[in-house]
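Take the sequence shown: its position 65, counted from the start at 1, is 65 in the UniProt record's numbering, and no numbers get skipped. Worksheet for the structure shown next.
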Amino acid sequence: MTEREFFHISDDNINLFFREIVPKGEVKGVICLVHGLGDHSGWFKALFDFFVSNNFAILTFDLRGHGKSDGKRGHITSYEVLMKDIALLLNIAKKNFKGIPLFLYGHSFGGNQVLNYALRYHPDINGIIVSAPWLRLYSNPSKIKLYFTFLMSKIKPSFIVNNVVEGSNLSHNPDIAINQEKDPLVHNFVSASLFTNAYKAGEWAIDNASNINIPLLLFHGDSDKITSHIASESFIKKAPSNLTTFKLWKGLYHSLHNEISNRDIFINILNWVNSIKS
């Protein structure tokens with residue numbers, strides 16, 4: 001296995017941090033991962049280790065304003081910049097792994113982005129994998145909070161509020177909460193612009209789910225108290241049944257890749273990916 005880290009300049013001159021992990025021997029496929037809000041690519045080690053051990057390469061990056069990438073923490077100027085960052089991710093993957101099956105994977109806020117990218121741009125890839133997407137939140141903000149946030153996104157888009165997430169709601173593994181609280185690269189910030197854009201994009205994705213035209217695996221924990229598994233089910237009900245696979249994991253929380261039973265989840269993903277490849 002070889003691993004390298006590098007930076008790449010985005011379309012609007014933001015320095016983005018990338019990770020690439022390549023297994024020894026034949027590369028059977030490539031997983032391009034987009035992480036969630038406040039998170040960074042370093043929190044997917046268990047997932048990466050599993051897929052690399054099964055001869056899949058990994059290409060991922062820290063979202064702008066996250067991890068080791070540049071940008072104001074938790075802020076975006078527009079949703080379009082996120083779409084361009086995913087395009088950059090896929091372009092690098094296609095350049096580095098020519099002719100190899102490619103899968104775009106998004107978790108939480110990353111799932112919001114991946115679904116929107118697939119629906120808006122219909123990329124030439126083999127499939128998309130979406131984990132606990134932020135289509136709607138488990139507890140939606142009040143109408144007053146929504147009005148205030150939408151207003152601030154017009155008056156001062158970079159206005160930041162704390163996005164406090166209880167670590168105990170991420171995983172049944174208590175070490176996850178402890179380690180995330182200690183991680184200096186994890187933050188709890190979200191700007192009015194980011195929230196408003198993500199909120200609108202989540203609703204848009206549900207409304208346009210019927211336009212999915214590439215294979216999709218979507219899964220969610222039914223005990224997730226951060227993003228809504230009911231919203232994921234609403235998406236799947238509207239999406240083409242011949243292209244979509246949905247798995248609701250009983251009793252599991254939000255960060256499925258860091259759950260105690262994550263190996264079962266990884267095997268389920270691998271089986272789906274192999275069925276698409278074949």
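All residues carry an ideal CB built from backbone N, CA and C; glycine is no exception.
When the beta-carbon positions are compared, Leu104 and Ile128 come within less than 8 Å of each other. Bounds of the alpha helix (DSSP H) holding Val52 are Lys45 to Ser53. The alpha carbon of Trp249 has as its nearest neighbour, out of Lys156, Ile260 and Ile176, the alpha carbon of Ile260. For Arg19, there is no enclosing alpha helix (DSSP H); the residue is part of the beta strand (DSSP E) that begins and ends at Asn15 to Val22. Considering only His122, Thr196, Val114 and Gln180, the residue with the shortest C-alpha distance to Met152 is Thr196. Within the region 56–120, the complete alpha helix (DSSP H) segments of 4 residues or longer fall at 80–96, listed in chain order.
Assigned with DSSP and collapsed to three states, Phe7 falls in strand. A distance below 8 Å separates the beta carbons of Ile86 and Val34.
Leu135: not part of any beta strand (DSSP E); DSSP gives it neither H nor E. Less than 8 Å separates the beta-carbon of Ala231 from that of Ile206. Ala132 is not a Cβ neighbour of Thr60, given a cutoff of 8 Å.
Residue pairing for Ser191: DSSP places it in a beta bridge opposite Ile160. Under the rule that a run must span 3 or more residues, the beta strand (DSSP E) segments found entirely inside the region 198–253 read 216–221 and 244–249.
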